[in-house]
């Protein structure tokens with residue numbers, strides 16, 4: 001078994017395979033060994049597809065950029081043929097997918113070996129991965145703290161060195177939040193940059209996107225090059241890129257116009273440590289030659305969040321109704337968590353006019369968000385407004401739904417607007433707090449401009465390197 005397996009990123013492991021220094025089968029065994037070693041303390045991997053992984057690794061893998069590299073799929077909206085899909089819910093027990101989803105197929109063409117599936121909160125609706133069905137997923141930096149959500153299992157596994165990269169999805173922050181909690185690179189791509197339909201619940205709104213969480217910028221770039229080509233069936237086709245993202249990370253970002261702010265929807269100040277980390281990041285960027293100004297987004301966040309409520313609830317209810325049709329029955333009272341029940345009931349109360357008015361108002365406010373980027377290239381905020389919380393602080397299993405959402409609004413105030421507007425937004429592990437937990441900074445660009453994010457991220461990875469930081473649970 002490779003003792004130094006976890007020291008490599010995905011492209012590094014693929015190069016070892018390409019040069020015949022190691023086989024895909026050996027990498028698969030290294031990943032399996034680390035699942036068995038670390039999962040008891042992290043609860044990151046909730047389905048072990050070892051037999052399929054060993055068969056695939058021994059077979060004729062596609063010659064993609066990640067040929068032979070172990071990979072994990074989030075156990076939510078992305079089907080894998082023959083594998084169960086729990087969606088983090090007691091109600092979905094017994095659900096098995098008959099065929100791969102569109103993005104799953106693209107991952108396979110990139111050459112990865114699917115080893116298992118990762119923990120997620122119930123239907124991905126919270127920023128912490130703590131469900132009654134799967135149990136809490138823990139943070140490798142401190143297992144008493146959350147790994148974020150809803151891609152918390154993927155982030156925990158990558159941060160611990162179980163795999164170098166893993167599938168993640170983001171509907172309100174579910175790539176960026178776990179990346180920030182676990183010290184990773186997490187890019188929410190432009191709407192429909194990667195194929196979304198027909199696999200997820202987000203048929204109508206276009207808020208949810210899929211990509212990966214990684215330890216290095218180049219792994220994120222290379223995987224998006226491999227999967228982010230045009231989808232002929234996309235509801236919102238993303239404009240084409242100018243060149244491969246692997247080329248972008250070799251290019252200078254130039255002198256960017258960067259606005260930064262800590263303004264929150266409620267107008268409350270954020271935690272002092274997070275504020276200080278944000279200000280240090282602004283100083284770092286100015287020192288790199290960028291034009292840096294303190295300037296808020298100028299959008300009424302509360303109106304934006306209020307505007308989306310009816311459409312989001314109705315969309316969730318429609319997705320749940322499709323699952324109910326698939327399973328052939330309604331959920332029992334104890335099969336859904338309180339927040340899930342509340343969201344489902346709220347969605348079923350909406351009229352068509354309610355949902356359409358909500359969608360119209362959100363889109364009008366989105367225009368103001370997008371207009372902000374006519375004058376700036378990048379908008380910088382923290383990802384979280386507080387240090388990474390302890391397990392049980394948000395607690396969607398036991399707390400009343402209103403209290404869950406109140407606590408989430410305090411901890412995760414920054415990510416949702418860019419799901420509504422569809423813009424690319426990236427979390428980078430720039431800082432660490434006094435307790436040794438990561439502090440992620442969020443960089444958002446114009447619609448479809450992942451290129452500028454990759455150029456800036458590569459610059460920051462060089463100037464403020466993070467890849468050699470190690471969590472408590474590692475390797």
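Residue numbers (our numbering): 1 to 475.
We put the CB at the ideal spot given by N, CA and C, even for glycine.
On a predicted model such as this, the values are computed, not experimentally measured, just so you know.
Could you check which residue in the options has the C-alpha nearest to that of residue i?
i: residue 382; options: 80, 411 and 96; result: 411
i: residue 68; options: 22, 190 and 87; result: 22
i: residue 363; options: 37, 449 and 419; result: 419
i: residue 492; options: 178, 78 and 62; result: In the structure as shown, the chain starts at 1 and stops at 475, and residue 492 therefore has no counterpart that could be examined.
i: residue 166; options: 223, 141, 195 and 469; result: 223
i: residue 190; options: 236, 74 and 400; result: 236
i: residue 120; options: 103, 71, 170 and 140; result: 170
i: residue 103; options: 160, 233 and 304; result: 233
i: residue 447; options: 465, 385 and 367; result: 367
i: residue 36; options: 132, 160 and 93; result: 160
i: residue 168; options: 196, 444, 154 and 396; result: 154
i: residue 172; options: 39, 187 and 216; result: 187
i: residue 245; options: 106, 72 and 458; result: 458
i: residue 253; options: 354, 331, 378 and 241; result: 378
i: residue 323; options: 93, 31, 301 and 422; result: 93
i: residue 215; options: 292, 158 and 196; result: 158
i: residue 242; options: 449, 473, 417 and 344; result: 449
Using the DSSP secondary-structure output, state which residues sit across from residue i in a beta bridge.
i: residue 116; result: 48 and 72
i: residue 136; result: 130
i: residue 84; result: 96
i: residue 145; result: 390
i: residue 379; result: 259 and 444
i: residue 425; result: 188 and 444
i: residue 167; result: 212
i: residue 432; result: 438
i: residue 461; result: BP columns for residue 461 are empty, so no partner.
i: residue 397; result: Residue 397 pairs with nothing; no bridge assigned.
i: residue 291; result: 257
Under 9 Å between the Cβ atoms of residue i and residue j?
i: residue 394; j: residue 145; result: no
i: residue 137; j: residue 44; result: yes
i: residue 193; j: residue 209; result: yes
i: residue 206; j: residue 261; result: no
i: residue 101; j: residue 129; result: no
i: residue 429; j: residue 163; result: no
i: residue 415; j: residue 442; result: yes
i: residue 124; j: residue 88; result: yes
i: residue 178; j: residue 220; result: no
i: residue 204; j: residue 346; result: no
i: residue 361; j: residue 303; result: yes
i: residue 433; j: residue 273; result: yes
i: residue 75; j: residue 50; result: no
i: residue 423; j: residue 370; result: yes
i: residue 11; j: residue 218; result: yes
i: residue 62; j: residue 30; result: no
i: residue 141; j: residue 472; result: yes
Output the distance between the C-alpha atoms of residue i and residue j, rounded to the nearest integer angstrom.
i: residue 118; j: residue 143; result: 16 Å
i: residue 536; j: residue 8; result: Nothing about residue 536 can be reported from this structure: the residues present for the chain run from 1 to 475 only.
i: residue 308; j: residue 359; result: 6 Å
i: residue 387; j: residue 426; result: 18 Å
i: residue 375; j: residue 108; result: 40 Å
i: residue 60; j: residue 13; result: 17 Å
i: residue 469; j: residue 6; result: 12 Å
i: residue 91; j: residue 400; result: 20 Å
i: residue 372; j: residue 298; result: 8 Å
i: residue 275; j: residue 431; result: 11 Å
i: residue 380; j: residue 277; result: 12 Å
i: residue 174; j: residue 213; result: 10 Å
i: residue 55; j: residue 397; result: 38 Å
i: residue 139; j: residue 40; result: 12 Å
i: residue 384; j: residue 58; result: 42 Å
i: residue 99; j: residue 105; result: 9 Å
i: residue 352; j: residue 134; result: 34 Å
i: residue 27; j: residue 2; result: 8 Å
i: residue 182; j: residue 300; result: 30 Å
i: residue 25; j: residue 4; result: 16 Å
i: residue 66; j: residue 460; result: 24 Å
i: residue 417; j: residue 348; result: 24 Å
The ligand HEM and residue i: does any heavy atom of the ligand fall closer than 8 Å to the residue's C-beta?
i: residue 108; result: Here there are no bound small molecules, and the ligand HEM is not part of this structure.
* **Inter-stretch contact at 8 Å, needing at least 3 Cβ pairs: the segment 102-117 / the segment 400-409** => No, the segment 102-117 does not touch the segment 400-409.
* Asked: Can you find at least 3 beta carbon pairs, one from the segment 240-257 and one from the segment 432-439, that sit closer than 8 Å?
  -> no
* Asked: So, do the segment 263-271 and the segment 211-230 have three or more beta carbon pairs nearer to each other than 8 Å?
  -> no
* Decide if the segment 18-25 is in contact with the segment 78-94; the criterion is three or more beta carbon pairs, one per stretch, under 8 Å apart. => no
* Are the segment 317-324 and the segment 275-282 touching by the rule of at least three beta carbon pairs closer than 8 Å? -> no
* Do the segment 286-298 and the segment 331-347 touch if we need at least three Cβ pairs shorter than 8 Å? -> Output reads no: the segment 331-347 does not touch the segment 286-298.
* Would you say the segment 448-460 touches the segment 241-252, given that touching needs at least three Cβ pairs under 8 Å? -> Contact check between the segment 448-460 and the segment 241-252: three or more CB pairs, one atom from each, fall below 8 Å, which counts as touching.
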